[in-house]
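Under full-length UniProt numbering, think of the first position of the sequence shown as 1, with each following residue one higher.
Beta carbons: idealized from backbone N, C-alpha and C, even for Gly.
Notes follow the structure.
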Amino acid sequence: MGNLPQYKQVYEALRREISSGEFSAGDLLPSEHELCARFSVARPTVRKALDQLVSDGFIFKHQGKGSIVKGAPKGIGILSISGTSAAVGSPNFSTHIILKPELRTWTEAFSFPVEEWERRAGCIYFERLRLLDGVPVFFDITMLPNIGLPRFLNYDLENRSLFDSLRSQYQITVTGGTQQLFAIRADKRLQEYLGVRAGHPILQLNRKIETSRPGFHIYSQVFCATQGYGLIGTF
Numbered sequence: 001m002g003n004l005p006q007y008k009q010v011y012e013a014l015r016r017e018i019s020s021g022e023f024s025a026g027d028l029l030p031s032e033h034e035l036c037a038r039f040s041v042a043r044p045t046v047r048k049a050l051d052q053l054v055s056d057g058f059i060f061k062h063q064g065k066g067s068i069v070k071g072a073p074k075g076i077g078i079l080s081i082s083g084t085s086a087a088v089g090s091p092n093f094s095t096h097i098i099l100k101p102e103l104r105t106w107t108e109a110f111s112f113p114v115e116e117w118e119r120r121a122g123c124i125y126f127e128r129l130r131l132l133d134g135v136p137v138f139f140d141i142t143m144l145p146n147i148g149l150p151r152f153l154n155y156d157l158e159n160r161s162l163f164d165s166l167r168s169q170y171q172i173t174v175t176g177g178t179q180q181l182f183a184i185r186a187d188k189r190l191q192e193y194l195g196v197r198a199g200h201p202i203l204q205l206n207r208k209i210e211t212s213r214p215g216f217h218i219y220s221q222v223f224c225a226t227q228g229y230g231l232i233g234t235f
């Protein structure tokens with residue numbers, strides 16, 4: 001992460017420690033003075049990193065106490081801009097790559113029209129299966145415009161968060177987006193991947209996700225078999 005601004009390096013380190021459980025809900029983060037010493041940075045840098053953690057929902061500030069870690073969200077955060085991996089917050093959540101990233105042509109993305117420059121650049125297409133406690137709950141297809149993502153085709157997404165990878169490797173953060181929700185029934189492909197019977201009810205989400213990079217969108221189509229789990233999050 002040496003190419004990241006200093007505040008982002010502090011942010012990434014603290015976010016990783018919170019996500020891994022090194023800091024639990026209710027824990028007090030080290031003071032700004034201690035963080036300055038740990039990361040060898042100035043106080044404004046630490047404050048900017050902490051403000052970002054507040055904005056992203058990892059901590060809150062308590063006057064007179066400091067920065068306090070929030071609890072991990074309950075349910076499954078497929079509806080959240082924090083991303084599925086981060087929102088689930090479980091060490092038993094895993095990602096299996098069905099189809100590795102490859103280059104394709106495109107004219108639309110899951111009912112969303114693509115911009116002319118996106119069409120000319122082509123897309124990076126890949127498919128993943130997401131499992132919780134070894135049980136498949138999501139099958140998702142992702143399409144990214146093939147621009148400004150050097151070496152992405154060789155990037156290993158197995159058991160990794162796409163949003164985290166885009167943020168840490170390319171400084172692209174998710175800012176919001178549009179979602180279309182459909183109730184469908186499982187076809188043969190979904191029966192195989194999600195382990196459900198023919199006709200099983202499935203939630204389909206078509207997503208156009210906006211990012212901090214102007215004009216750069218993440219397009220995805222997610223199929224959810226989530227009996228027993230609630231879907232949560234803000235978008």
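Would you mind reading off the limits of the alpha helix (DSSP H) that contains residue i?
| i | result |
| --- | --- |
| S55 | 43 to 55 |
| Y11 | 6 to 19 |
Would you decide whether residue i is buried or exposed? Buried here means 16 or more other CB atoms lie within 10 Å of its CB.
| i | result |
| --- | --- |
| T107 | exposed |
| Q52 | buried |
| K8 | buried |
| P214 | exposed |
| P201 | exposed |
Within the continuous beta strand (DSSP E) that includes residue i, where are the two ends?
| i | result |
| --- | --- |
| K100 | 93 to 104 |
| L129 | 123 to 132 |
| V196 | Neither: V196 is in no beta strand (DSSP E) and is coded neither H nor E. |
| S220 | 217 to 224 |
| L149 | Where L149 is concerned, there is no enclosing beta strand (DSSP E), given that its DSSP letter is neither H nor E. |
Tell me whether residue i sits in a helix, a strand or coil according to DSSP, three-state version.
| i | result |
| --- | --- |
| E34 | helix |
| F39 | helix |
| K61 | strand |
| R185 | strand |
| D164 | helix |
| E108 | strand |
| L157 | coil |
| F23 | coil |
On the DSSP bridge assignment, give the partners of residue i in chain order.
| i | result |
| --- | --- |
| Q179 | R207 |
| G66 | H62 |
| I141 | E127, Q221 |
Within the 8 Å Cβ cut-off, does residue i reach chain C?
| i | result |
| --- | --- |
| T45 | Among the chains of the structure shown, chain C does not appear; only one protein chain is present. |
Between the C-alpha atoms of residue i and residue j, what's the straight-line distance to the nearest angstrom?
| i | j | result |
| --- | --- | --- |
| D140 | H96 | 11 Å |
| E158 | G64 | 42 Å |
| A198 | T178 | 29 Å |
| R119 | D56 | 32 Å |
| T175 | F163 | 11 Å |
| P150 | I172 | 13 Å |
| T45 | E17 | 18 Å |
| Q204 | G134 | 21 Å |
| K208 | F152 | 20 Å |
| I54 | K188 | Correcting the residue type first, residue 54 is Val in the shown sequence and not Ile. So the two alpha carbons sit approximately 43 Å from each other. |
Under the criterion of a Cβ to heavy atom distance below 7 Å, does residue i qualify as lining the ligand COA?
| i | result |
| --- | --- |
| L190 | The ligand COA is not part of the structure shown, which contains no ligands of any sort. |
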